[in-house]
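Colleague: Protein sequence lines, in the order shown, are assigned to chains L and C.
Residue numbers for the first sequence follow my numbering, beginning at 1 and rising by one.
Residue numbers for the second sequence follow my numbering, beginning at 65 and rising by one.
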Amino acid sequence: MKVIGYFLLFFVLAMILIVLAIILGDAAPWYFAWIIGTGLLILTSAAAGFMFDTQEDKAKGAPQ
Amino acid sequence: MINNTVVELSRWQFASTALYHFLFVPLTLGLTVFLAALETVYVVTGKPIYREMTQFWGKLLLINFALGVATGLTMEFEFGTNWSFYSGFVGDIFGAPLAIEGLMAFFMESTMIGLMIFGWDRLSRGQHLIVTYMVALGSNLSALWILVANGFMQDPQGAIFNPVTMRMELQSFSALIFSHDAQAKFVHTSIAGYVTAAIFVAGVSAFYLLKKRHLEIAKRSFRMATIFGVLSTIGVITLGDALGFIGAHAQPAKIAAMEAMWETEPAPAPFNLAAWPNQAKQENTWALQIPYLLTPLLTHTLDTKIPGIAEIEADNALRIKNGIPAVEALKLLSANPTDPVAMAQFKAHEKDLGYGFLVARYAPDQDVSKATEADIAQAAKDTIPDVFAIYWVFRIMVAFAFLMLAFFVFGVIYSLRNEVEKHPVFLRFALWMIPVPFLACEMGWITAELGRQPWTVYNLLPTWMSASSHSVSYMVFSLVGFVSLYTVFIVIEMYLMVRAIKQGPDAPHGADAGGHGHDKTLGGSVLSGGYAPVHAKTYLNEQSSKEV
Chain L
1 MKVIGYFLLF FVLAMILIVL AIILGDAAPW YFAWIIGTGL LILTSAAAGF
51 MFDTQEDKAK GAPQ
Chain C
65 MINNTVVELS RWQFASTALY HFLFVPLTLG LTVFLAALET VYVVTGKPIY
115 REMTQFWGKL LLINFALGVA TGLTMEFEFG TNWSFYSGFV GDIFGAPLAI
165 EGLMAFFMES TMIGLMIFGW DRLSRGQHLI VTYMVALGSN LSALWILVAN
215 GFMQDPQGAI FNPVTMRMEL QSFSALIFSH DAQAKFVHTS IAGYVTAAIF
265 VAGVSAFYLL KKRHLEIAKR SFRMATIFGV LSTIGVITLG DALGFIGAHA
315 QPAKIAAMEA MWETEPAPAP FNLAAWPNQA KQENTWALQI PYLLTPLLTH
365 TLDTKIPGIA EIEADNALRI KNGIPAVEAL KLLSANPTDP VAMAQFKAHE
415 KDLGYGFLVA RYAPDQDVSK ATEADIAQAA KDTIPDVFAI YWVFRIMVAF
465 AFLMLAFFVF GVIYSLRNEV EKHPVFLRFA LWMIPVPFLA CEMGWITAEL
515 GRQPWTVYNL LPTWMSASSH SVSYMVFSLV GFVSLYTVFI VIEMYLMVRA
565 IKQGPDAPHG ADAGGHGHDK TLGGSVLSGG YAPVHAKTYL NEQSSKEV
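1) What are the residues in the stretch 36-61 of chain L lying within 9 Å of chain C by C-beta distance?
2) If you follow the beta strand (DSSP E) that residue 336 of chain C is in, where does it begin and where does it stop?
3) Which of the three DSSP states, helix, strand or coil, is assigned to residue 581 of chain C?
4) Kindly list, in the order they appear in chain L, the residues whose Cβ is closer than 7 Å to that of residue 291 of chain C.
5) Is the separation between the beta-carbon of residue 449 of chain C and that of residue 249 of chain C shorter than 8 Å?
6) Taking Cβ-Cβ distances shorter than 9 Å, what residues in chain L pair up with residue 214 of chain C?
7) If I measure Cβ to Cβ from residue 398 of chain C and keep anything under 8 Å in the same chain, skipping five residues before and after, which residues do I get?
8) Spell out whether any CB of chain L is found under 8 Å from the CB atom of residue 573 of chain C.
9) At a CB distance below 8 Å, what residues from the stretch 248-267 of chain C approach chain L? Give them in sequence order.
10) Against chain C, does residue 33 of chain L count as a neighbour if the rule is that its beta carbon must be under 8 Å from one of theirs?
11) Residue 537 of chain C: buried (16+ other C-beta within 10 angstroms of its C-beta) or exposed?
12) Could you check the C-alpha separation between residue 143 of chain C and residue 127 of chain C for me, to the nearest Å?
13) So which residues on chain L does residue 425 of chain C lean against when the C-beta distance must stay under 9 Å?
14) Answer with yes or no whether the minimum CB distance from residue 27 of chain L to chain C is below 8 Å.
15) Any chance you could list the beta strand (DSSP E) runs of at least 3 consecutive residues sitting entirely within the stretch 156-238 of chain C, in chain order?
16) Return the chain-ordered ranges of every alpha helix (DSSP H) run that is complete within the stretch 374-431 of chain C and spans a minimum of 4 residues.
17) With DSSP collapsed to three states, give me the class of residue 537 of chain C.
18) When you compare the CB positions of residue 472 of chain C and residue 297 of chain C, do they come within less than 8 Å of one another, or not?
19) When you compare the stretch 326-343 of chain C with the stretch 284-291 of chain C, are there three or more beta-carbon pairs, one atom per stretch, that lie closer than 8 Å?
20) Hey, does residue 114 of chain C have any beta-carbon neighbour from chain L nearer than 8 Å?
21) Using the rule of at least 16 other Cβ atoms within 10 Å of the residue's Cβ for burial, across every protein chain shown, is residue 49 of chain L buried or exposed?
22) Taking 8 Å as the threshold (beta carbon to beta carbon), is residue 295 of chain C in contact with chain L?
23) Let's test the definition: count the other Cβ atoms within 10 Å of the Cβ of residue 316 of chain C and tell me whether it reaches 16, buried, or not, exposed.
24) Please tell me whether residue 392 of chain C and residue 423 of chain C are closer than 8 Å, where the distance is taken between their beta carbons.
25) Check the C-beta distance from residue 292 of chain C over to residue 565 of chain C and give it rounded, since I have them as a contact under 8 Å.
26) Is there a Cβ of chain L sitting closer than 8 Å to that of residue 482 of chain C, yes or no?
27) If you check the beta carbons only, do residue 546 of chain C and residue 81 of chain C fall under 8 Å apart?
28) Would a C-beta distance cut-off of 8 Å place residue 299 of chain C and residue 255 of chain C closer than the cut-off?
29) How about residue 274 of chain C and residue 488 of chain C: are their beta carbons less than 8 Å apart?
30) For residue 521 of chain C, which beta-bridge partners are listed by DSSP?
31) I'd like to know if residue 283 of chain C contacts chain L, where contact means its C-beta is closer than 8 Å to some C-beta of that chain.
32) Determine, for residue 189 of chain C, whether the minimum Cβ-Cβ distance to residues of chain L falls below 8 Å.
33) CB-CB under 7 Å to residue 72 of chain C, same chain, minus the five flanking residues each way: which ones, in chain order?
34) Excluding the five sequence neighbours on either side, which residues of its own chain have a C-beta within less than 7 Å of the C-beta of residue 175 of chain C, listed in chain order?
35) Can you tell me the Cα-Cα spacing of residue 7 of chain L and residue 1 of chain L, whole angstroms?
36) Among C:557, C:439, C:112 and C:261, which residue has its Cα nearest to the Cα of residue 92 of chain C?
This is the structure:
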């Protein structure tokens, strides 16, 4: 029941975001690009940090 | 009568305060977002080194933020003190975004920065991460509103001039905030801030790598900053192209000046890679051209005509002639707002009202009805901004952008190979790169604002009409005062930054700390607040079992 609840919650959230994306993408394409782009930048930079740690651990033979 | 020296001094004062202010802004815009990335890694992995990194770069952010706010404050008031006619003319439109910007900067951003700095031991990790994201959002949203206001000055959308109230009135708030110029300018400026932060972090990290201090923090920061920077630089170049595309439609004179294009060429027009513009003769003394490149670069087509400066000037002379009856009608309406003949005359020439204002500067007694052909020709000449300055400032900015892109590409390659320490020349070069994004941002603003001349609000309100009626001595005194004060601010910023960087992160890491970044010291701040990181908890358990 809890899983279904979470599913419905995220499903509704995803629908709202998709509708917002359509509206924003049409009226304000560059603002939309900024929101998506900044999120992507943060995640990619964070991934670069994870990758560095993985490489360091591997080089030192430490357990992952 | 308006004193031209006062107008020029008002321009110098605003330009100098804005350029000083924008030495602080981009680092804040970018560093807040970079901190969000750092803290995301900390929250996901639980490795204390990322918390330490967030705190260290956060300390540098705080120094920069404080001085940025201090320099920004005066600018808000400068609109009223030095540009009172402008403020009255467009206050209905300009006031709202300016007020929201103030609210965002002083309430949302400042409050969240306070929580971020002092909340490490008082908030859970998740809560603190949300606060850091809110700082990033707040700083960029405050920039959004001032850029919406600037977007209106570049390409006035969503407002109309009311001949009865004698000022611009807002018609559509959504047209104002969603104007293409405002959108592209905001994203371009915001991402330019990301690039600035990336270069700053990479440069400071390079300093530590050269000095072999704080190696673990420096290597991680360098990796994250170069990845952050390479993507941001691609973004900033893309948005620069978008701004050029938008400007080609909204501000043809600025674009023609940026490209030193004196005559309209058959499409596809050649691109002046380098040239020596001569405004008096309206020609380039010499030019190194790439055939066919300008049209696709600017219009994204092969056959769209790009008007040259001579054509724009001739068109503007016609608009000035058409705008004179609008100004004359306005005078009649100011005496009798219900005069139907004057209103009909105004409506017939309304779209060129601003051009009518332009010639008043040269007409005898500033009476447009007395304007001669020579006055009109002089006013039409004024509609072309300073080509030499704009052309070269724009090119230096673009060259800096590609230099930074090349720097980040090499930085990413060296970092991914984990051999950045083996390239001391590159690390020293990284130090020299630190001023480059700041200079590029300044060049961008000079291009944007110098290119908008002779207007404060494009096609509507000339700069010469916008200033307040101060005395020359007042303007000289306040200009010298501001420049001196802001220079002191810059010196303070540099001193505090250099001191904080030399001091380095609070707790030792890297070569002198050993390990791979996991905090073995367990400072009180880590244990307090009920959110000890995963590795700290493991350490704590190990200690407990030893004691048993």
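We put the CB at the ideal spot given by N, CA and C, even for glycine.
Modeller: The relevant details are as follows:
1) 37, 38, 40, 41, 42, 43, 44, 45, 46, 47, 48, 49, 50, 51, 52, 53, 55, 56, 57, 59 and 60
2) Locating residue 336 of chain C in the second sequence gives position 272, counting from the first residue. Start and end: 335-342.
3) For the purposes of this step, residue 581 of chain C is identified with residue 517 of the second sequence, where counting begins at 1. With a pLDDT of 39 at residue 581 of chain C, under the threshold of 50, the predicted position of this residue should be treated as unreliable, though the coordinate-derived value follows. It is coil, neither helix nor strand.
4) For the purposes of this step, residue 291 of chain C is taken as residue 227 along the second sequence, with counting starting at 1. Residues of chain L passing the Cβ test: 44, 45 and 48.
5) Working through the second sequence from its first residue, we reach residue 449 of chain C at position 385. Working through the second sequence from its first residue, we reach residue 249 of chain C at position 185. No, the Cβ-Cβ distance between residue 449 of chain C and residue 249 of chain C is not below 8 Å.
6) Walking along the second sequence from the start, residue 214 of chain C turns up at place 150. Ordered by position in chain L, no residue passes the 9 Å Cβ test against residue 214 of chain C, which lies about 15 Å from the chain.
7) Counting from 1 along the second sequence, the entry for residue 398 of chain C is found at position 334. Cβ within range, chain order: 230.
8) As a working mapping, residue 573 of chain C is identified with position 509 in the second sequence. Note that residue 573 of chain C scores a pLDDT of 46, beneath 50, so its modelled location is shaky; the value from the coordinates is reported in the next line. No, its Cβ sits nowhere closer than 8 Å to a Cβ of chain L.
9) 248, 250, 251, 254, 255 and 258
10) Position 33 of the first sequence, counted from the first residue, corresponds to residue 33 of chain L. With 8 Å as the cut-off, residue 33 of chain L counts as an interface residue toward chain C.
11) For this step, residue 537 of chain C is matched to residue 473 along the second sequence. Classification for residue 537 of chain C: exposed.
12) Counting from one through the second sequence, the residue named residue 143 of chain C turns up at place 79. Counting from one through the second sequence, the residue named residue 127 of chain C turns up at place 63. Taking the straight line from one Cα to the other gives about 26 Å.
13) By one-based count along the second sequence, residue 425 of chain C stands at place 361. Near residue 425 of chain C there are no residues of chain L at all, since even the closest Cβ is about 36 Å away, more than 9 Å.
14) The count along the first sequence starts at 1 and reaches residue 27 of chain L at position 27. So, interface residue.
15) 223-226 and 231-234
16) 404-413 and 417-424
17) As a working mapping, residue 537 of chain C is identified with position 473 in the second sequence. The answer is helix: DSSP assigns residue 537 of chain C an H, G or I state.
18) Residue numbering aside, residue 472 of chain C sits at position 408 when the second sequence is read from its first letter. Residue numbering aside, residue 297 of chain C sits at position 233 when the second sequence is read from its first letter. Result yes, Cβ atoms of residue 472 of chain C and residue 297 of chain C sit closer than 8 Å.
19) no
20) For this step, residue 114 of chain C is matched to residue 50 along the second sequence. True, the Cβ-Cβ gap to chain L drops below 8 Å.
21) By one-based count along the first sequence, residue 49 of chain L stands at place 49. Buried: at least 16 other Cβ atoms inside 10 Å.
22) Looking up residue 295 of chain C in the second sequence gives position 231. Residue 295 of chain C counts as touching chain L.
23) The residue given as residue 316 of chain C occupies position 252 in the second sequence. When all chains shown are included, residue 316 of chain C counts as buried.
24) The residue labelled residue 392 of chain C in the question sits at position 328 within the second sequence. The residue labelled residue 423 of chain C in the question sits at position 359 within the second sequence. Taking 8 Å as the Cβ cut-off, residue 392 of chain C and residue 423 of chain C do not qualify as a contacting pair.
25) Counted from its first residue, the second sequence places residue 292 of chain C at position 228. Counted from its first residue, the second sequence places residue 565 of chain C at position 501. Between residue 565 of chain C and residue 292 of chain C the Cβ distance is about 19 Å, and since that is not below 8 Å, they are no contact.
26) Position 418 of the second sequence holds residue 482 of chain C. Closer than 8 Å to some Cβ of chain L, the Cβ of residue 482 of chain C qualifies, so yes.
27) Taking the first residue of the second sequence as position 1, residue 546 of chain C is located at position 482. Taking the first residue of the second sequence as position 1, residue 81 of chain C is located at position 17. Their beta carbons are under 8 Å apart, which means residue 546 of chain C touches residue 81 of chain C by this criterion.
28) As a working note, residue 299 of chain C is residue 235 in the second sequence. As a working note, residue 255 of chain C is residue 191 in the second sequence. Against a cut-off of 8 Å, the Cβ pair of residue 255 of chain C and residue 299 of chain C comes out as a contact.
29) As a first step, residue 274 of chain C is located in the second sequence; it is residue number 210 there, counting from the start. As a first step, residue 488 of chain C is located in the second sequence; it is residue number 424 there, counting from the start. Going by C-beta atoms, residue 274 of chain C is nearer than 8 Å to residue 488 of chain C.
30) The residue labelled residue 521 of chain C in the question sits at position 457 within the second sequence. Partner(s): C:525.
31) One-based indexing of the second sequence puts residue 283 of chain C at position 219. For residue 283 of chain C, the answer is yes, since a Cβ of chain L falls inside 8 Å of its Cβ.
32) Numbered from 1 along the second sequence, position 125 holds the residue referred to as residue 189 of chain C. Output row for residue 189 of chain C: interface = no.
33) The sequence position of residue 72 of chain C within the second sequence is 8, counting from 1. So no residue of the chain qualifies.
34) Taking the first residue of the second sequence as 1, we reach residue 175 of chain C at position 111. Counting only Cβ-Cβ distances below 7 Å, and skipping sequence neighbours, we find nothing.
35) Indexing the first sequence from 1 puts residue 7 of chain L at position 7. Indexing the first sequence from 1 puts residue 1 of chain L at position 1. Residue 7 of chain L and residue 1 of chain L: Cα-Cα distance of roughly 10 Å.
36) What you label residue 92 of chain C is simply residue 28 of the second sequence in a count that begins at 1. Checked all of C:557, C:439, C:112 and C:261; the closest Cα to residue 92 of chain C is C:261.
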